[in-house]
Amino acid sequence: MRCKLVILSLLLMISVRLSAQSLSKTKLEAKVDSVLSLMTLEEKIGQMVQYSASWDVTGPPTAGNENRLENLKRGLVGSMLNVTGVKATKEAQRLNMENSRLKIPLIFGYDVIHGYKTLFPIPLGESASWDLDIMERTARAAARESAAAGIGWTFAPMVDVSRDARWGRIMEGAGEDPFLVAKIGVARVKGFQTDDLTSPTAIAACAKHFAGYGFAEAGRDYNTVNLGMSELHNTILPPFKAAADAGVLTFMNSFNEIDGIPSTGNPYLQREILKEEWNYKGFIVSDWGSISEMIAHGVAENHKEAAYIALTAGSDMDMEGNAYETSIEDLIKEGRVSETLVDDAVKRILRVKFQLGLFDDPYKYCDAKAEKKELYSKENQQLSLEAGKKSIVLLKNENALLPIASKVKTIAVIGPLADDNDSPLGNWRGQGVSNSAVSVLEGIRRYAPKGTKVTYAKGADLSIGERSFLKHMTINETDTSGFGKAVETAKEADLVILVVGEDAFQTGEARSQTDIGFAGVQDELIKVVYKANSNVVMVLMNGRPMDISWSAANIPTILESWLLGSQHGNAVAEVLFGKYNPSGKLPVSFPRSVGQEPLYYNQKNTGRPGPIEDVTYSHYVDERRDALYPFGYGLSYTTFKYDNISLSASSFSEGEPLTVTVSVTNTGKLDGEEVVQLYLRDLVASTTRPIKELKGFEKVFIKAGETKKVIFTIDRELLSFYTRNKKWEAESGDFKVFVGGNSVDVLEASFKYKNE
Ligand code: BGC
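Position 74 of the sequence shown, counting from 1, maps to 85 under the numbering used here, and the rest follow consecutively.
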């Protein structure tokens, strides 16, 4: 025993001298192996356990948690989530370091989804910027704040492709397209982790939810997922693969089943694909309780069977499942699982701790000075503003109501969300302080030119009573007593800014909806205000694509502002007053009706694409089948013209990529940014292929009157997909290439690819 402790101390001394970054892979593996060799089975299982901090580690443990505190002190806990702040994380780490035998540092995880204290736009909103640089920078800032507050691991980015507006968690992802989701996921991973994991500001990222969670049937959260191999490989897995290739340190599995097998207990996903085929070396944490939830799924009789299924399938860490800590030892004693499986999981967890430099300094994230300096800094507020304005999408601008003209002397700001300081923070708000965001009204007051009168009427409440992450919210369905004042205020103004949409707690986890229109009395409010004054700019605040059909047909101007975080109102005001020319594009299709969901641009053609005169083609008889506002769509205060699409050749084969060139001219009077998008279609393939697939994009700044050439390269990899042979390959044949400012209005050309 003494001898082992001496070896451990020596080992820790060596690790202090060598920064984990400079460790070669073999050295890293040697360190991991030597720590593992010192561990008892109980300690190994402990590393695979993650507790939440709903108990007080700094004071006497709350009833029922004494055991957990004891486990922490004995080194039988590998990670905790929801412990935040230097004081609390330091204390929990101290209890572990000062009492446990091997002193293996804890890693503290937290849902830093779009910011820790400074909130940036919700991920879906920020994805509308199509600006990978800003997304990397906001992830970086969120990591700096978290790292300064004791957190070494974020459960982000969510890279679930999601196409169903009914699913509340659509707000947490990057939309409906696997190519875009992959690019954004990688940018966020880079921002969280940086190139130097040992840096005190770098934290581990987590690609979640592996896999298929965004495809919950009927958009109902946690629901069954049924999909085929082609969809799994071509649509769902690419963003995860991209994150793994980018070095994401951890994965989280998901609550859902696919084809009868819960993902948490799915060896095909976790072992075969992730750990073997992709050679992934990080670890997989379960989703909250998802191991024990296999009992409710009906594939495990009890915790022990759930632990058996999850462990053999490749889940490495049990988040609040109470399955691993209670069962693995027995499973090994009974000879049902080999200790090598446990060793593999523990090595993965230790590896990440070494990579982050936690063995060098377990208190690496516990710097009280940094905590004071980093959180909610001026720089982060500025960055939040920048990200906010880039995320806004101009959906409609009839009569050029925007940017607000100088002749507008009275602006009426109306709506239940107009002076809401809380909803912009979103549902996953980290340590964001309630009511700390800038409201739209406040932003307008700040940015309105001198002499402009700004009036306000709420019109109606959107919700009644308490709103919170875990509780149901009550919508105001009846009280219209504020309508009179709203109408009067609208009548007296030159322009109305009508701020409507969703409360923060209408979107996010467990916020599935069958109705994606305006909740409560908002529809009525929109109509009475519009009747009083038709010069209406609708500012939408929401976390999902909504059914805004009536407004799209009637209201002259619509601005999609999502939930933009701390600086929401300032970002909106900069766009309203023309200080920033909007450049966002939708990362999700906006439907005409909830009945179209799931709706996405990259659909299949079907055998009956139509349209034909008879009814017998794939469509609805009561609604169009296309989107109201399609994927990739968004206007600017200027206009862009696309022409001269040309290809470097009419055919190509491996080793000699093809280039596509297009001219984009700013034909308006203002400078602006445009997201130039490249789509492909594989006309005949071994499996059915989407009618269009995003395969490239570039955000370009073009001065008024100027023309820019944009060049894309198409290579074999871009044409590859998961074919009928069950592997990724490019097939010979005819392709169409499309370039445009959204997924519908495009220029088109053709080429052949020869797989030689
Ligand atoms: C969510 C995860 C999250 C976890 C920890 C779960 O309910 O699905 O995305 O990371 O809780 O808070």
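Where is the CB? At the ideal position from N, CA and C, for every residue including glycine.
- With respect to Gly-580, Gly-554 sits apart: the two C-beta atoms are not nearer than 9 Å.
- By the Cβ neighbour-count rule, His-308 is buried, with 16 or more other Cβ atoms within 10 Å of its own.
- Beta-bridge annotation (DSSP): Glu-740 is paired with Phe-732.
- Here the C-alpha atom of Lys-358 lies approximately 12 Å from the C-alpha atom of Gln-366.
- Between the alpha carbons of Asn-110 and Met-263 lies a gap of roughly 29 Å.
- By the criterion of a C-beta distance shorter than 7 Å, Arg-456 is surrounded in its chain by Val-465, once the five residues flanking it on both sides are discounted.
- Per the CB criterion, closer than 5 Å to any heavy atom of ligand 1, the qualifying residues run in chain order as Asp-122, Phe-166, Asp-298 and Trp-299.
- Per the DSSP secondary-structure output, Glu-759 pairs in a beta bridge with Phe-749.
- Looking only at Ser-265, Ser-349, Glu-54 and Gly-645, the smallest Cα-Cα distance to His-220 is reached by Ser-265.
- For Leu-396, there is no enclosing beta strand (DSSP E); the residue is part of the alpha helix (DSSP H) that begins and ends at 389–402.
- Contact check between the segment 404–424 and the segment 146–153: fewer than three CB pairs, one atom from each, fall below 8 Å, which does not count as touching.
- Residue state for Ala-139 is assigned as coil, using DSSP reduced to three classes.
- The beta carbon of Leu-413 is closer than 8 Å to those of Leu-405, Val-548, Thr-568, Leu-570, Val-586, Leu-587, Gly-589 and Tyr-648 in its chain, skipping five residues each way along the sequence.
- Counting the other CB atoms within 10 Å of its CB gives Thr-500 a total of 16 or more, which places it among the buried residues.
- Here the alpha carbons of Glu-665 and Arg-155 stand approximately 43 Å from one another.
- The alpha-carbon separation between Arg-522 and Asn-391 amounts to approximately 29 Å.
- Residue range 568–571 is occupied by the beta strand (DSSP E) that includes Glu-571.
- Taking a contact as a CB-CB distance under 8 Å, the pair Trp-164 and Thr-275 does not count as one, their CB atoms being some 19 Å apart.
- By alpha-carbon distance to Met-552, the top candidate from Val-511, Thr-51 and Val-532 is Val-511.
- The three-state reading of DSSP puts Lys-590 in coil, since its state is none of H, G, I, E or B.
- Rounded to whole angstroms, Ser-63 and Ala-103 show a C-alpha spacing of 12 Å.
- In summary, His-483 is exposed, with fewer than 16 beta-carbon neighbours lying within 10 Å of its beta-carbon over all protein chains present.
- Taken in chain order, the complete beta strand (DSSP E) segments of 3 residues or longer contained in the segment 294–328 are 294–296.
- Counting only the Cα atoms, Lys-194 lies some 16 Å from Gln-204.
- Within the same chain, Cβ atoms closer than 6 Å to the Cβ of Gly-437 are found at Ile-133, Ala-515 and Leu-574, the five residues on either side in sequence being excluded.
- Going by beta carbons, Phe-746 and Val-757 fall outside the 9 Å limit.
- Our two residues, Leu-117 and Leu-729, have alpha carbons roughly 41 Å apart in a direct line.
- With respect to the 9 Å criterion, Ser-157 and Val-123 are classified as neighbours on the basis of their beta carbons.
- The alpha carbon of Ser-395 has as its nearest neighbour, out of Phe-131, Val-451, Val-673 and Ser-562, the alpha carbon of Phe-131.
- Excluding residues up to 5 positions away in sequence, Arg-155, Glu-156 and Ala-159 lie with their Cβ nearer than 6 Å to the Cβ of Glu-385 in the same chain.
- Judged by beta-carbon spacing, Gly-368 lies beyond the 9 Å limit of Thr-212, meaning their Cβ atoms are not closer than that value.
- Note that the C-beta distance between Gly-441 and Lys-128 is below 9 Å.
- Here the alpha carbons of Met-305 and Ser-297 stand approximately 11 Å from one another.
- Distances from the CA of Ser-661 to each of Asp-654, Tyr-653 and Thr-670 were compared; the closest alpha carbon is that of Thr-670.
- Nearest to Gly-462 by C-alpha distance, out of Glu-717, Gly-136, Lys-420 and Pro-435, is Lys-420.
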